[in-house]
Structures are given as C-alpha cells and as structure tokens.
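One structure below.
Numbering (the working numbering), first residue to last: 1 to 667.
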C-alpha cells in the first residue's frame, strides 16, 4: 500500500461523502477477489536427476505442491506436525494478494476496549460457510466449496471441502454442522428462542448437507455471509461433546465447577468461544493462545497450521506468524498507542473526527499511513421515538407524524455536522446511502430544511397549546417532555442532542438526555422494556446487501433492533407473543412485501419490492436522521503490506477481515 501523496487540507476535505471515490482516483489500487479455487501451483520439476537409492531403501517422498512458514517447517522436521500437503484440503482456496506474494513472519498488533470478541472476529475470525468479496459486491464460497439452491429457494445444498481440517487436525465434516443444528440450535437450554422460521439441516454424506426452509428464502445466501449470522463452522463435535449433557454422562458436574459456571449450558456457551477458551478448535487463520476468558489484558494468537488457504505460488496462508490485541481501559489509551506506532492496524475506537488531523500530522513520526473507510450505516445518528411506549401519552405523541415533521424542521443539521462531526457528512434523513443501489431520494431529503416557521406550522397542527414558558402541551394537558436514553460511550449523540435540545426549545418542545452505561442501555432499549421515550442509534444497513438484510429502520422486523416499534416487530415474528402488538395497515403491508422479497432470489425483484417498502416508509416517516456520515479513517503501519487504502466500514462485512487479512504481511 503506497503512501497517499495529498496535503493535509486535501485529506480532510476528501473525508466527506464520496471521498472514497475521489481518493481512489488519486492513486487507484484494485481490490481483488479470491481466485475461484484453481489448481494449486505445483512445485517445479527437479533439474538434477536424484541419486538412485538402493533396492531395499524406501523411495524418496514426492515433492510437495505447497510451501509453508519456517516455524511450521521446523515442526514438520521435528515430527510434531504432518507435512503441509496433508494439512491442506484437496481443493484449498487460492487467494490473490492485493499487491503481491508476501513474506512469512512478524506480529500484527492491534487494540480494543471490549472483551466480547467482536474485534477478534472483525480482524481474524470471519471464516464461515460463505463470505463476502473484498469489494462487498458478491458472496463467495469459503468453508463450503459450493452451494446450490432448488428452483423455489427452499432447499440449499452445501458441499464442504474434502480434507479441510480444524486447527487440531481433525477433519471438518457434515457431522460438525449436524451437531451444531441438532445439539445447539434445537437444544432449548442452549437456544431458548429457536430461529423463526425454523429451518432444517440434514446430513447427506460426509461432505454434503442440506439447509431447508419451510417457505422460500431468496435472501439466504446473502444472509449466510453476514458476520456470525450462521455458526455452523464454529462447533467441532469431537471437542464440544464433553461439555454437552447429551454426550457427557460422567464428569459434567466436575467441569462446571472447574470452569466456574452455574449450569452445563453456561459451561458449553463459555467453552465454545475461542476468545474465552484457547483449546477449542477453530478454522481461523490464527489460533488463540491467550484469550480474554483468562482475565488477560493482551490476547495473543499464533498461525493455524491447518488453515485452508494458499497464495498463487502455493504458499500456505497466513503470512504473519502472530496476532496480538491489547485490551485498553479507554479510547484515549489506544489513540496514544496508535500515535506512538505501537499498533499496526487500527480503526475501531480511535477514529473520532476530533482525532483525524492529529493522526494525519503524526504519520511520519509514527511510521504509519492513513486509510479511508466508507460508511455502511444509514446515518450518523438516527432519532427513534418509542411508538410502543408503555406511557400512553408518550406513545400518542411519538405516533403523531406532524409532531415528527415539525421537530425534523427544527434540527439544524449542518450546525451539528460542523460542530460535532467537524464538517464531515451531508444533511440527510434515515435512508440508504447515495451510493447504494437502494437509494431513495425522497426518504433521504424530506423535512431536512432547517426552518423554524415550517417547524412551528407542523407542530401547531399537532399540539398548538403552550404553557407559560412557551412549551407545548401534550394530549394530557401537561408539558411535553421527552427523555432520550443514551449509551454514555456515544459522545457524538450526547453532543448532538445538546444542540438539538436548544433548537427544539425554540419551537416549544422540551427534551432531556439521560446517559447510562452500555449494559443498562441494552436492557432498557434493546431488551423487552418498553418504558423508554426515545433513543438514538447509528446501526442498520445503509449500503451493500445490509440495506435489504437489515431493514430495521424501514419497517419493524427485528425484536432487538427495531427500537422505534419493537412490539410491532414481535407481531411480525410471532403474533401470539405476549409482547406483540398488531401494527397499522401500512406497516403490515411492508411486512407482506418483505415476505415477498424473501420468496424470490431475483435481485431485480428484490430491489423493486424494497422500493415499495421505502415508499411507504417515506410516507410514514417513523424515524429521522441527521446526516450521511463522511468517510471514516484508520491507521496502518508502513511495514504492513497488502492492505487496502479504501474499504467498507461495517459489521456485516466485518472490517477488515474480508480484505483477506491472511495475505497481509510485515515487510
């Protein structure tokens, strides 16, 4: 990856929407996709005839098709590891590096402030049946060698790679997938709430299984490539049986006590996660040595000798020997480490807008360069009033469209973008991003003009009466006072709401911001509690397939993420659920349309149906946004090669793993 030859001023200017395209034009570097499993490069024929062995001697071994890291070659020589040809599958994936064939060795250093393993998955843990291409435009076979769908998209037949092995050398087969389905998904103690609709997985032979849906599911292949959305490749039957009550009838209680768990289900859940348990076999390119589960503040991992990918010259990947992730107490610690050149690749936790100029100016001293991240979220901040709030007054207010229109016109979006986001981004509502094939102009632009006259006109239609201080009175005759519950770690929300609070007061609406730690916020807003008035979020799919796979803002379909109408989402999933509430006709129409999307695998039909959903959403206007994010950024050590200079910023496309981190190397 070459140093970007642009000025500091130009770099900061390029950081608004569309910067990725402009930056790519400055110094284009194509993002290749993995080569679609050609025959591996064979070793060249010997140029000198071998010495003839005595008749009684064993014949010399055949030349290897593949090459390996020196640390593994030493283990093979010592008899501690099988030869590389025996460790790779019959048909390994051949990955084309971004710049060229790399060198073995070194350590990749990064950091996090969370123990939940998400950053490990983002960097090294994205090895599923299917995976997204580096450019986020297509889905590619991965652990599965191939997949075929029947005509009505109800039955998908997966073919696994023969000879593909777990990190302990055990072959990965359909038995492992069947174990995950039969003994994890269908076990009510491990999975209290079964997936709906419930699919069926059935082994056909050692390397083949079917995944059957009760109704057509044309989104399945896109969905199965999303991060951690399927975990069929994370449960080795041979190892995990010892923690399952169905199989262990001898010492399960001893293991529960040994690992400080309360139940066998808690034990199983803890032991299956490699970021807790370094002994669990994995398919990742690096296998953890020191996990967070030990209480460590530095996670370490070492190359997986059985990793199933090679480069075009037959070199087994990954190139880098080791991976290390520091657990920092806060974001500022990671910022300092990055500035000091102590982190080789970092974008999570350090890339607040306020830090950008400092990172730019420090590049030479820190021996790193900066890269661009194109946002995939729908907005830099989405405002969601709780339309299912237990308080009947707040519920009525939240459902009043004129009230929401008025408040939208009373938001000075450009001021927020200038002050909080340092001039990055463009004003917009909650909507698919402009570069998305699902972009909906009306939804993105309506009611974004900052105009207090328009705001008051709309609010007067909703609640014209005011108290002595000029604040509007609700349907109960009392002052409208809305509480926003915010995760205290989201400082941009807090800063933005302080500006919004002042402008909304000008049109007679009072709000208060209540901050709390993440765990309490999750319980209040994402859980089954319906007491909260309003909250703000940045999630959801703004580009790529996430727009259609994660429609939480277009209509309520996810009980944990449809923050503005969770009771309606419960109705969509299961109308008989005690938490469910029947939605209005327009929302039910959206749900019907989404069912039609799932019934077809035709991308054009899916786009047309989603447009109808977005048309209804634009008319309903249930949530509002501030602006489309400008491009984010990160830092990459100059010595780290084969890294992209522009890539998506996403969880579904778990930045940066689909960029083939197994091909990165230390120069």
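Just so you know, even glycine gets a beta-carbon here, dropped at the ideal spot from N, CA and C.
This structure is a prediction, so every number in the text was calculated from the model and none was measured.
Q: Quick one: measure Cβ to Cβ for residue 389 and residue 563, integer angstroms, because I've assumed they're closer than 8 Å.
A: No, residue 389 and residue 563 are not in contact; Cβ-Cβ is about 11 Å, not under 8 Å.
Q: Kindly give me the distance between the Cβ atoms of residue 172 and residue 283, rounded to whole angstroms, as I take these residues to be in contact under 8 Å.
A: 7 Å
Q) Ordered along the chain, which non-local residues of its own chain (more than five positions away) have a Cβ less than 6 Å from that of residue 455? A) Here the set comprises 406, 409, 410, 507.
Q.
Comparing C-alpha positions only, which one of 614, 139, 418, 393 sits nearest to residue 439?
A. 614
Q: Quick one: residues in its chain with C-beta nearer than 7 Å to the C-beta of residue 245, no 5 flanking neighbours on either side, listed in chain order?
A: 252, 264
Q. Can you name the start and end residues of the alpha helix (DSSP H) that residue 453 belongs to?
A. 452–462
(Q) Using the three-state DSSP reduction, which class does residue 202 fall into: helix, strand or coil? (A) strand
Q: State the start and end residues of the unbroken beta strand (DSSP E) segment that holds residue 487.
A: Where residue 487 is concerned, the enclosing beta strand (DSSP E) stretches over 481–487.
Q: Check residue 132 in the structure and name its three-state DSSP category.
A: Residue 132: strand per DSSP, three-state reduction.
Q: Would you mind reading off the limits of the beta strand (DSSP E) that contains residue 595?
A: Not the beta strand (DSSP E): residue 595 falls in the alpha helix (DSSP H), residues 585–598.
Q: Could you tell me which of 255, 229, 226, 228 sits nearest to residue 240, measuring between CA atoms?
A: 255
Q.
If we require 4 or more residues per run, which alpha helix (DSSP H) segments fall completely within the region 68–112?
A. 70–77, 84–87
Q | Pair within 8 Å by beta-carbon distance, residue 281 and residue 166 | A | yes
Q) For residue 505, which of 441, 470, 399 has the nearest alpha-carbon? A) 470
Q | Helix, strand or coil at residue 381 [DSSP, three-state] | A | coil
Q. What residues are listed by DSSP as bridge partners for residue 536?
A. 383
(Q) Starting from residue 649, trace the beta strand (DSSP E) in both directions and tell me its first and last residue. (A) Per DSSP, the unbroken beta strand (DSSP E) holding residue 649 starts and ends at 646–649.
**Q.** Coil, strand or helix - residue 185 by DSSP
**A.** helix
Q: Please list, in chain order, all residues of the same chain as residue 175 whose beta carbon is under 6 Å from its beta carbon, the five residues on each side excluded.
A: Shown here for residue 175: same chain residues with a beta carbon closer than 6 Å to its own, the five before and five after excluded, namely 237 in chain order.
Q.
Can you list, in chain order, the residues of its chain with a C-beta nearer than 8 Å to that of residue 497? Leave out the 5 residues immediately preceding and following it.
A. 484, 486, 511, 513, 536
Q. Start and end of the alpha helix (DSSP H) containing residue 547?
A. 546–549
Q.
Comparing C-alpha positions only, which one of 311, 425, 214, 79 sits nearest to residue 660?
A. 311
Q: Confirm, please, whether the CB-CB distance from residue 137 to residue 178 is below 8 Å.
A: no
Q | Residue environment, residue 372, which counts as buried when at least 16 other CB atoms sit within 10 Å | A | Buried, since its Cβ has 16 or more Cβ neighbours within 10 Å.
**Q.** Same chain, Cβ closer than 8 Å to residue 606, neighbours up to 5 away in sequence not counted
**A.** 218, 219, 548, 597, 600
Q) Under 8 Å between the Cβ atoms of residue 123 and residue 657? A) yes
Q. Which residue from 222, 183, 193 puts its Cα closest to that of residue 153?
A. 222
Q.
Could you give the first and the last residue of the continuous alpha helix (DSSP H) run that contains residue 413?
A. 413–419
**Q.** Cβ shell of residue 105 (< 6 Å), same chain only, five flanking positions each side left out
**A.** 321
**Q.** Those residues which DSSP pairs with residue 512 across a bridge
**A.** 483
Q. According to DSSP, is residue 664 helix, strand or coil?
A. coil
Q) Where do the N-terminal and C-terminal ends of the alpha helix (DSSP H) with residue 392 fall, by residue? A) Where residue 392 is concerned, the enclosing alpha helix (DSSP H) stretches over 392–398.
**Q.** Among 553, 467, 199, 524, nearest to residue 624 - alpha-carbon criterion
**A.** When only C-alpha atoms are compared, the closest one is 553.
Q | Straight-line Cα distance separating residue 532 from residue 526 | A | 10 Å
Q.
Assess contact between the region 626–641 and the region 565–581, defined as three or more Cβ pairs (one per stretch) separated by less than 8 Å. Is contact present?
A. Because the criterion of three Cβ pairs below 8 Å is not met, the region 626–641 and the region 565–581 do not touch.
Q.
Going by DSSP in three states, residue 144 sits in which element: helix, strand or coil?
A. Three-state result, residue 144: strand.
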